[in-house]
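Residues 2 to 400, numbered by the numbering used here, are exactly what the sequence shown covers, in order. These notes are about the structure you will find just below.
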Amino acid sequence: MPGGNTRSVIHVPPFPLTIVRGEGARLTDADGHVYVDFLGEYTAGLYGHSHPVILEAIREALGDGMTFGGPNRYEAVLAEAICTRFPSVELVRFCNSGTEANLLALSLARAATGKPAVMVFEGGYHGSVFYFVTGAGSPINVPFPFVVGRYNDADAAAQLIAEHAHELAAVIVEPLQGTGGVIPGERGFLQVLRDATAARDLLLVFDEVMTSRLSTGGLQRILGIPPDLTTFGKYLGGGLAFGAFGGRADLMSRFDPSRRDALRHAGTFNNAVLTMAAGAAGLTRVYTSAEVDRLNGLGDRLRDRLNAFATRRDLPFLATGYGSLVGLHFTRGPVRSAADVPAASELRALLHLHLLERGYSYARRGFVALCLPLGETEIDGFAEAVETFLTDHSGPVRD
Ligand SMILES: Cc1ncc(COP(=O)(O)O)c(C=O)c1O
């Protein structure tokens with residue numbers, strides 16, 4: 002593997018920790034060190050590492066075999082659970098990753114509208130080949146024509162949509178930018194995207210790969226803004242490889258194989274038995290409305306405590322996000338778009354190493370995704386470890 006790595010985001014200098022075991026909210030590395038998991042596998046690990054309901058579902062499915070080459074008894078259960086939770090999703094199809102979900106949703110939008118271009122936002126991340134977090138995007142992005150807007154700038158977005166409506170198939174947006182800095186999209190901005198796309202012949206795609214966890218119906222439910230298509234991934238597969246895209250029946254029904262003009266959507270593992278079983282068990286039996294609220298409450302507790310601490314000490318440090326997704330930034334803020342996110346710094350690396358040393362793992366770029374086995378004790382322990390860092394290093398933090 003180049004650089005010993007097969008997943009860029011988990012590389013950190015001097016070297017990443019190799020994890021050999023996970024249990025509840027705890028991870029053990031190859032040297033036997035134990036960490037409380039505040040990364041939650043970038044949101045895919047919502048259920049923690051050994052949730053009994055998830056494990057039981059996987060074991061039960063495994064007992065009956067796992068590769069059939071035909072429909073299985075779990076996929077319709079998971080499809081129904083998703084469509085029930087997300088009313089804008091009238092029909093859904095499964096795939097294997099969030100990247101694939103976005104590729105398919107945007108390809109559908111291009112086929113449905115007959116137009117080639119896609120509008121995205123600076124700081125946006127929609128998968129390996131849809132990377133807009135820094136500068137001009139990635140050279141290995143898919144070769145779609147992209148129009149790039151500024152996140153949370155409603156007027157500029159409305160103008161760009163008007164200017165490019167003739168070539169735009171869709172606007173794709175994370176209703177909260179995750180990778181880009183855990184930056185909530187403002188309601189007014191997202192509503193303008195809804196109105197401007199509806200007024201013209203183009204689709205609004207919400208990438209809820211990370212944010213679907215923030216209510217029982219994702220951020221679209223909280224905002225009251227229904228997109229035309231939604232993309233999913235991460236924890237919805239119960240912790241196994243997963244992706245899904247869905248939305249308006251008139252669009253999605255184009256994949257109905259009984260139609261003579263059906264669009265083909267293949268994928269050997271689209272209905273992988275273990276994923277379907279684990280995902281269905283998680284959604285129908287574990288991630289209830291009460292658990293959504295509890296987890297979001299823990300995120301609020303962490304954010305509020307750290308922000309109160311930074312304000313009291315007059316430190317340039319800000320915890321952003323919504324509910325169970327938290328971003329940590331060395332700035333006074335506000336953080337409304339990519340331009341407000343401080344560049345990677347030694348301070349960021351130091352905070353990461355400080356927390357690892359105290360037994361807390363999260364992503365060095367300042368990304369925290371809570372998982373269900375966490376409780377107030379762990380939240381307070383993490384917060385205290387951050388506060389110790391800010392106190393011990395207040396000089397460099399202020400510089
Ligand atoms: C918002 C968003 N979209 C898409 C993806 C890609 O998902 P996957 O890693 O499953 O391809 C991610 C992954 O982090 C994401 O955060």
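Beta carbons: idealized from backbone N, C-alpha and C, even for Gly. Computed from a predicted model, the values in this text were never measured in an experiment.
Given a cut-off of 8 angstroms on the beta-carbon distance, is the pair residue i and residue j in contact?
i	j	result
residue 318	residue 398	yes
residue 36	residue 360	yes
residue 83	residue 268	no
residue 211	residue 321	no
residue 350	residue 337	no
residue 264	residue 230	no
residue 208	residue 232	yes
residue 215	residue 323	yes
residue 77	residue 171	no
residue 121	residue 159	no
residue 67	residue 274	yes
residue 354	residue 386	no
residue 235	residue 23	no
residue 38	residue 47	no
residue 18	residue 370	no
residue 188	residue 224	yes
residue 325	residue 308	no
residue 299	residue 375	yes
residue 182	residue 174	no
residue 242	residue 306	no
residue 146	residue 118	yes
residue 58	residue 372	no
residue 96	residue 244	yes
residue 32	residue 20	no
Applying the criterion that 16 or more other CB atoms from any shown protein chain within 10 Å of the CB defines a buried residue, is residue i buried or exposed?
i	result
residue 73	buried
residue 1	Lying outside 2 to 400, the shown extent of the chain, residue 1 is not represented and no answer is given.
residue 61	exposed
residue 259	exposed
residue 63	exposed
residue 198	buried
residue 180	buried
residue 291	exposed
residue 392	exposed
residue 124	buried
residue 276	buried
residue 311	buried
residue 240	buried
residue 390	buried
residue 52	buried
residue 195	buried
residue 8	exposed
Select from the options the residue whose C-alpha is nearest the C-alpha of residue i.
i	options	result
residue 202	234, 166, 183, 221	166
residue 330	57, 339, 343	343
residue 141	132, 12, 226	132
residue 250	93, 381, 276	93
residue 228	89, 136, 375	89
residue 106	254, 10, 237, 309	254
residue 302	282, 327, 289	327
residue 113	393, 57, 168	168
residue 213	139, 59, 86	86
residue 281	261, 295, 237	237
residue 283	30, 49, 316	49
residue 368	8, 96, 178	178
residue 127	34, 206, 151	206
residue 55	394, 279, 75	279
residue 286	184, 379, 395, 217	217
residue 346	13, 7, 2	13
State the DSSP-derived secondary structure class of residue i, mapped to helix, strand or coil.
i	result
residue 106	helix
residue 24	strand
residue 59	helix
residue 92	strand
residue 129	coil
residue 83	helix
residue 330	strand
residue 173	strand
residue 363	coil
residue 253	helix
residue 36	strand
residue 29	strand
residue 341	helix
residue 321	strand
residue 315	coil
residue 293	helix
residue 159	helix
residue 14	coil
residue 205	strand
residue 184	strand
residue 150	strand
residue 310	helix
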